[in-house]
Amino acid sequence: MTPRIKDILLSTDFGSEVMTRGWVRSRRDSKSGFCFLVINDGSCLADLQIIVDESIPGYHESIGGLLTGASVEIRGELVESPAKGQNVEVKATEIHLIGSCPPEYPLQKKRHSFEFLREIAHLRPRSNTFGAISRVRNRLSFAIHEFFQSRGFLYVHTPIVTSSDCEGAGEMFTVTTLDMENPPKDSNGKVDFSHDFFGKRSHLTVSGQLNVETHCLALGNVYTFGPTFRAENSNTSRHLAEFWMIEPEIAFCDLGGDMDLAEEFLRHLLGVLLEDCAADMKFFNDRIDNTVLATLEHIVASNFERLSYTEAIDELLKAKSANFEYPVKWGLDLQSEHERWLTEKVFKKPVILYDYPRDIKAFYMRQNEDEKTVAAMDVLVPKIGEIIGGSQREDRHDVLVARMKELDLNPDDYWWYLDLRRYGSVPHAGFGLGFERLIQFATGMQNIRDVIPFPRVPNNASF
RNA sequence: UCCCCUAUAGCUCAAUUGGUAGAGCGCCGGACUGUUAAUCCGUAGGUUCGUGGUUCGAGUCCACGUGGGGGAGCCA
3 MTPRIKDILL STDFGSEVMT RGWVRSRRDS KSGFCFLVIN DGSCLADLQI IVDESIPGYH
63 ESIGGLLTGA SVEIRGELVE SPAKGQNVEV KATEIHLIGS CPPEYPLQKK RHSFEFLREI
123 AHLRPRSNTF GAISRVRNRL SFAIHEFFQS RGFLYVHTPI VTSSDCEGAG EMFTVTTLDM
183 ENPPKDSNGK VDFSHDFFGK RSHLTVSGQL NVETHCLALG NVYTFGPTFR AENSNTSRHL
243 AEFWMIEPEI AFCDLGGDMD LAEEFLRHLL GVLLEDCAAD MKFFNDRIDN TVLATLEHIV
303 ASNFERLSYT EAIDELLKAK SANFEYPVKW GLDLQSEHER WLTEKVFKKP VILYDYPRDI
363 KAFYMRQNED EKTVAAMDVL VPKIGEIIGG SQREDRHDVL VARMKELDLN PDDYWWYLDL
423 RRYGSVPHAG FGLGFERLIQ FATGMQNIRD VIPFPRVPNN ASF
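Going by the working numbering, the first residue of the first sequence is number 3, and it counts up by one from there.
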């Protein structure tokens with residue numbers, strides 16, 4: 003295995019021989035007989051400085067080829083750095099060009115706009131920001147599994163392709179092998195999906211929730227963590243057509259337990275970042291958003307604010323100075339401006355709203371005693387807004403069927419979901435966390451397209 | 001999908017009421033230096049997003065298209 007720069011920088015074994023491989027970030031020549039070579043290998047934000055003296059073999063033949071972007075292998079002696087900016091550096095004894103890099107390399111030794119970097123998504127992981135994003139994303143992914151696994155949750159793989167068009171969480175992408183130039187038609191002239199691969203119209207999943215409930219009612223606490231697809235024509239800095247979602251489902255649990263888990267989960271993940279990604283987080287605080295470190299530290303150290311939808315409406319009605327564009331009235335859904343007011347202005351921390359009016363929420367959410375609200379909850383955070391949406395599920399067969407009919411849903415389409423309520427139903431609850439929104443919030447990155455390696459949005463699935 | 005803004009050198013941007021296309025950074029050449037996105041001097045680099053229109057004349061004004069950004073809705 004190639005040694006990583008992250009480890010070399012921590013070493014104090016001066017005088018020892020080291021080898022490193024990576025990509026040239028910068029070269030500063032001195033005509034007085036040596037040059038500074040700055041190497042990054044992605045293992046950490048920091049670069050490794052190499053001192054290359056012209057006395058080493060092949061210096062004059064190869065040094066000119068070590069342009070920004072070139073890949074190199076360096077062997078040399080680990081030494082204590084006499085200058086500021088780094089503790090250790092490497093005095094090269096051998097330099098090898100692995101892959102040259104011509105001068106038209108798009109990633110220059112300067113600051114680039116995120117818009118431009120998006121157009122070179124195949125090269126942007128070599129930039130400081132996207133290297134940091136990649137490491138944070140990786141650490142959070144692992145922390146999510148650590149969190150659930152250490153609490154006995156089972157990881158369940160719910161399907162990507164689904165033939166139940168009853169998930170109701172948004173527009174879906176159709177998956178088909180039919181000849182789009184000449185599709186089979188039925189007697190009404192409509193496309194006949196009975197000839198399609200799965201024998202009926204199929205889609206990419208918009209949520210693993212309905213499927214994962216089956217395993218919750220068999221194995222206890224479970225979670226999913228996978229790609230999710232929404233064909234909504236959403237053009238915002240907070241929406242992707244393909245994103246990753248974490249959906250735990252907790253058995254024998256009510257909405258209170260659901261909120262407890264959501265809060266503990268978020269605080270745990272952000273705490274891990276502060277602990278294990280300190281250098282990258284400092285970079286985001288220095289270069290992207292100078293409030294992220296203070297925000298994360300505050301969240302880890304304090305409880306979320308919890309209030310019911312009804313209390314939130316009262317709070318918003320008191321906010322005379324807000325001049326909301328949209329009306330505030332019990333029974334209406336809260337707008338972005340309302341949610342942000344609560345989380346940014348009133349409480350200045352994450353807020354969990356619960357017990358929403360039944361008419362503005364999904365069919366599967368459990369109806370409360372008042373018959374006006376359902377046991378739903380949203381976690382709101384500053385700048386992003388909704389980061390988690392969840393609920394206690396309706397576990398009473400007759401109530402669920404009645405609610406479906408009320409909404410003109412055909413219970414026959416949901417037969418297996420209803421079976422869970424016929425055979426040994428139990429109270430259960432869960433939520434969905436948008437992974438990219440979590441990364442956005444944690445890093446301060448303004449556009450969600452810059453926290454996923456290859457963003458898919460309307461009119462763009464490049465790379 | 002709706003509203004607003006926007007597209008000029010490899011990148012980031014400037015160009016007055018419509019009148020010969022400019023800078024910084026990067027590249028290349030040179031100078032200098034235990035340097036830190038080094039610094040200094042110089043060279044090269046352009047079908048001003050596309051199509052059409054107005055005009056003696058369009059980077060600039062108008063229409064349509066496409067890409068990008070911000071906001072809204074939908075939501076995670």
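We put the beta carbon where it would ideally sit given N, CA and C, even for glycine.
Note that the coordinates shown come from a computational prediction; the quantities given were computed from them, not determined experimentally.
DSSP state of residue i mapped onto helix, strand, coil
i    : result
I122 : coil
N140 : helix
A253 : strand
E63  : helix
D31  : strand
R439 : helix
Q448 : coil
D372 : coil
E19  : strand
D49  : coil
F132 : helix
F456 : coil
I41  : strand
I162 : coil
I10  : helix
I58  : coil
F155 : coil
F36  : strand
Exposed unless 16 or more other CB atoms sit within 10 angstroms - verdict on residue i
i    : result
I362 : exposed
N462 : exposed
Q51  : buried
E117 : exposed
V214 : buried
N223 : buried
A220 : exposed
S239 : exposed
S83  : exposed
L409 : exposed
Y328 : exposed
V26  : buried
D188 : exposed
D217 : In the sequence on display, residue 217 carries His and not Asp. Under this definition H217 is a buried residue.
N42  : buried
T345 : buried
F144 : exposed
V401 : exposed
Close-in-space but distant-in-sequence residues of the same chain around residue i (CB under 6 Å, 5 per side omitted)
i    : result
L318 : V330 and H340
V311 : The sequence as given places Tyr at residue 311; Val does not occur at that position. For Y311, where only same-chain residues beyond five positions count, the Cβ hits under 6 Å are L355, D357 and Y358.
I135 : V453
R77  : M21, T95 and E96
G133 : G44
F285 : L47 and A134
F150 : Y225
P384 : T345 and E346
Contacts around residue i, its chain only, beta-carbon distance under 7 Å, and the 5 residues preceding and following it disregarded
i    : result
E388 : E341, D380 and L382
P5   : V20, M21 and T22
I301 : R269, L272, K351 and P352
P185 : V193
N287 : V294 and L295
P105 : L69
D49  : R27, V40, I41 and N42
8 Å Cβ shell around residue i - same chain, five flanking residues per side excluded
i    : result
S129 : L109, H114 and L119
G333 : P359, D361 and I362
heavy atom of the ligand GDP below 8 Å from residue i C-beta
i    : result
E396 : What this structure holds is no ligand at all, so the ligand GDP is not there to describe.
Enumerated in chain order, which unbroken segments of the beta strand (DSSP E) with a length of 3 residues or greater are wholly contained in the segment 70-105?
List check, beta strand (DSSP E) in window: 73-82 and 90-101.
Starting from the N-terminal side, write out each stretch of the beta strand (DSSP E) that is 3 residues or longer and does not extend beyond the segment 165-243.
Every unbroken stretch of the beta strand (DSSP E) spanning 3 or more residues and falling wholly within the segment 165-243 is given here in chain order: 204-206 and 224-231.
To test your reading of the DSSP string, which unbroken alpha helix (DSSP H) runs of 4 or more residues are found completely within the segment 320-367?
Runs of the alpha helix (DSSP H) spanning 4 or more residues and lying entirely within the segment 320-367 occur at 338-342, in chain order.
Quick check for students: name the residue ranges of the beta strand (DSSP E) that lie wholly in the segment 374-435, counting only runs of 3 or more.
Fully enclosed beta strand (DSSP E) runs of 3 or longer: 375-383 and 387-394.
Jot down the residue ranges of each uninterrupted beta strand (DSSP E) in the segment 258-324, minimum 3 residues, whole runs only, in chain order.
Entirely contained in the segment 258-324, the beta strand (DSSP E) runs reaching 3 residues are, in chain order, 307-310.
Three or more C-beta pairs under 8 Å: does that hold for the segment 255-274 against the segment 189-197?
Contact between the segment 255-274 and the segment 189-197 is absent, because fewer than three Cβ pairs lie under 8 Å.
Taking contact to mean at least 3 C-beta pairs separated by less than 8 Å, is the segment 81-96 in contact with the segment 8-15?
The answer is yes - the segment 8-15 touches the segment 81-96, with three or more Cβ pairs under 8 Å.
Using a Cβ distance threshold of 8 Å, determine whether the segment 101-113 contacts the segment 61-80, with at least three qualifying pairs required.
A contact exists between the segment 101-113 and the segment 61-80.
If you pair each beta-carbon of the segment 230-250 with each one of the segment 98-107, do three or more pairs fall below 8 Å?
With a cut-off of 8 Å, the segment 98-107 and the segment 230-250 do not count as touching, because too few Cβ pairs lie within range.
Counting Cβ pairs closer than 8 Å, one from the segment 200-211 and one from the segment 170-182, do we hit at least three?
Taking 8 Å as the limit for Cβ pairs, the verdict is that the segment 170-182 does touch the segment 200-211.
Check whether the segment 410-419 touches the segment 436-443, taking contact to mean three or more Cβ pairs, one atom from each stretch, closer than 8 Å.
These segments do not touch.
Meets three-Cβ-pair contact criterion under 8 Å: the segment 420-430 and the segment 395-412
The segment 420-430 makes contact with the segment 395-412; the number of CB pairs closer than 8 Å reaches 3 or more.
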